[in-house]
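Numbering (this note's numbering), first residue to last: 1 to 178. Note that CB positions come from ideal geometry on N, CA and C, so glycine has one too. The model shown is predicted, which means the values in this text are computed figures rather than measured ones. Please read the structure below before turning to the comments.
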C-alpha cells in the first residue's frame, strides 16, 4: 500500500510489491458455514435468480402504450406481472433478460393483442395492484403459474399455442368461483 509523502521511508528496506495469495491445490468445496452446498435454494417466494435482472424493467418500458388492456386493467400492473415471468424465463437459460422474454410473458397473459374473454376474466383479479411493492407474493404466483416447459418455447411457438389454446400455457389455474 502506498504511503503518504510525509511518512518517513527507510531507503535501505526494499519496497514490497503485490503478491498473489498462495495457490490452493484441489477443487473448491463448499465447506464453510455460510456456503450453500447444494446450490441456490428453491422454494416458495425464492424467485428465479439470474444475472442483470434489473434490465427487465428497462425492457418493460418499451412496451408502454402497446398493451391491449380492458377496462379495470392497468398497464403498470400488467408490466409488473410480466416482468416476473420474463425473469423466470431468462433465468432458465442462465442469462440476463432480453426483449423476447417480455414478449413471451405478455403473450402468455394475452396483453399483446386481443385476449379471449375467459383469459381476461382470469387475469384481471390476478394482476390487480400487482405493481405495488407489497404484492410480491402475487407477482411470484403469476410467474409460478407458467410452467418451465412453456417458457423454454420460442416467441413464435408461444404465439401459435396461445391462439390455439391459451389454457395449455398455464399450469395449475385457480378454480373459478361459482
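Environment of residue i [buried if 16+ CB atoms lie within 10 Å]
i           : result
residue 169 : buried
residue 157 : exposed
residue 57  : exposed
residue 90  : buried
residue 178 : At residue 178 the pLDDT is 40, less than 50, meaning the model places this residue with poor confidence and gives no usable figure here.
residue 16  : exposed
residue 187 : Since the first and last residues shown for the chain are 1 and 178, residue 187 lies out of range.
Beta-carbon proximity check, residue i vs residue j, cutoff 9 Å
i           : j           : result
residue 79  : residue 60  : yes
residue 65  : residue 75  : yes
residue 139 : residue 83  : yes
residue 68  : residue 112 : yes
residue 48  : residue 108 : no
residue 104 : residue 143 : no
residue 106 : residue 46  : no
Contact set for residue i: own chain, Cβ-Cβ below 7 Å, skip 5 residues either direction
i           : result
residue 135 : 129
residue 197 : Summary: the structure shown does not reach residue 197, with the chain confined to residues 1 through 178, and so no result is reported for it.
Chain-order list of residues whose beta-carbon lies under 8 Å from that of residue i (same chain, five-residue window excluded)
i           : result
residue 116 : 110 and 166
residue 77  : 127, 128, 129, 130 and 131
residue 92  : 48, 148, 151 and 152
Near the ligand PLP: residue i beta-carbon under 8 Å from a heavy atom
i          : result
residue 95 : As presented, the structure is devoid of all ligands, the ligand PLP included, so that no description of it is given.
Cβ-based neighbour list, residue i, same chain, cut-off 6 Å, excluding 5 preceding and 5 following
i          : result
residue 70 : 120
Task: 4-residue-minimum alpha helix (DSSP H) runs that sit fully inside the region 48-132, ordered along the chain - done: The region 48-132 contains, as complete alpha helix (DSSP H) runs of 4+ residues, the segments 55-61, 75-92, 99-108 and 117-127 (chain order).
TODO: Would you mind listing the alpha helix (DSSP H) stretches within the region 129-156 that are 4+ residues and don't spill past its ends, in chain order?
DONE: Whole alpha helix (DSSP H) segments, 4+ residues: 136-144 and 148-151.
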